[in-house]
Amino acid sequence: MELVTKARGKIEISEDQLLEIPEGLFGFEDYTKFALVDSEYEPFLWLQSTEEKNLAFLIVDPFLICHDYETDIDDELLSKIDIKKPEDIIIMTIVTVPKDGSPITANFMGPLVINKENKKCMQVILNDNRWTTKVNIIEALNSKGDA
Numbered sequence: 170m171e172l173v174t175k176a177r178g179k180i181e182i183s184e185d186q187l188l189e190i191p192e193g194l195f196g197f198e199d200y201t202k203f204a205l206v207d208s209e210y211e212p213f214l215w216l217q218s219t220e221e222k223n224l225a226f227l228i229v230d231p232f233l234i235c236h237d238y239e240t241d242i243d244d245e246l247l248s249k250i251d252i253k254k255p256e257d258i259i260i261m262t263i264v265t266v267p268k269d270g271s272p273i274t275a276n277f278m279g280p281l282v283i284n285k286e287n288k289k290c291m292q293v294i295l296n297d298n299r300w301t302t303k304v305n306i307i308e309a310l311n312s313k314g315d316a
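Below, the structure is given as structure tokens:
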């Protein structure tokens, strides 16, 4: 399948790269079809809308940034995307790269939960005051090295 992307122009993607976000992302509820696309900066990926070429989010595995990151998500909430067992879950966080040169951050408060079995995804809000929407990635990586 051919996909026009914000970052890479026209690219070819496979069926297994497609995700459905039935309720959309917070603030972008009208967009429910996305693709996971490699970025030029590993380990980051693009979450690219297949419905709007200019809608894409840089995402990353939060466990690469923070060794003690935890998500306590209610099973009832997870049932919305048919999660049956914990090993079916992939957690990702949305990254913000400010234009003003301020720190690059990850949203640890609102992670994405992906069911790797059926390719459905949802964004959740964690009820845990340890996490914020603006975790400084460089600071977190530096402190992870000290641990």
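Just so you know, our numbering puts the end of the sequence shown at 316, numbered straight through with nothing missing. Even for Gly, the Cβ is constructed at its ideal location relative to N, Cα and C. Just so we're clear, the structure is a prediction, and the values are computed from it rather than from any experiment.
Delimiting residues of the beta strand (DSSP E) encompassing residue i
i: residue 207; result: 202 to 207
i: residue 171; result: 171 to 174
i: residue 281; result: 281 to 284
i: residue 189; result: 187 to 189
i: residue 192; result: Unbroken run through residue 192: none, as it is neither H nor E.
i: residue 262; result: 258 to 265
i: residue 181; result: 178 to 181
i: residue 141; result: The shown model of the chain, from 170 to 316, leaves out residue 141, and the question about it has no answer.
Whether residue i touches residue j by CB criterion (9 Å)
i: residue 306; j: residue 272; result: yes
i: residue 175; j: residue 215; result: yes
i: residue 280; j: residue 293; result: yes
i: residue 289; j: residue 250; result: yes
i: residue 291; j: residue 304; result: no
Assigned exposure category for residue i - 16 Cβ within 10 Å defines buried
i: residue 284; result: buried
i: residue 212; result: exposed
i: residue 219; result: buried
i: residue 301; result: exposed
Between the CA atoms of residue j and residue i - distance to the nearest angstrom
i: residue 202; j: residue 191; result: 8 Å
i: residue 316; j: residue 182; result: Note that residue 316 scores a pLDDT of 47, beneath 50, so its modelled location is shaky and nothing firm can be said.
i: residue 171; j: residue 204; result: 11 Å
i: residue 309; j: residue 241; result: 20 Å
i: residue 259; j: residue 277; result: 14 Å
i: residue 297; j: residue 187; result: 30 Å
i: residue 253; j: residue 238; result: 22 Å
i: residue 173; j: residue 222; result: 6 Å
i: residue 236; j: residue 311; result: 12 Å
i: residue 184; j: residue 287; result: 12 Å
i: residue 232; j: residue 275; result: 11 Å
i: residue 177; j: residue 194; result: 22 Å
N-terminal and C-terminal residue of the alpha helix (DSSP H) that residue i is part of
i: residue 214; result: Looking at the DSSP string, residue 214 is not in any alpha helix (DSSP H); the run it does join, the beta strand (DSSP E), is 214 to 218.
i: residue 245; result: 244 to 247
Heavy atom of the ligand SAH within 8 Å of residue i beta-carbon
i: residue 286; result: This structure lacks the ligand SAH; in fact it carries no ligand of any kind.
Query raised in the report: If we count Cβ pairs, one from each stretch, closer than 8 Å, do we get three or more for the segment 196 to 210 versus the segment 264 to 279?
Result: Three or more Cβ pairs closer than 8 Å define a contact, and the segment 196 to 210 falls short of that threshold against the segment 264 to 279.
>> Three or more C-beta pairs under 8 Å: does that hold for the segment 212 to 228 against the segment 241 to 252?
In response: At 8 Å Cβ cutoff, the stretches do not touch.
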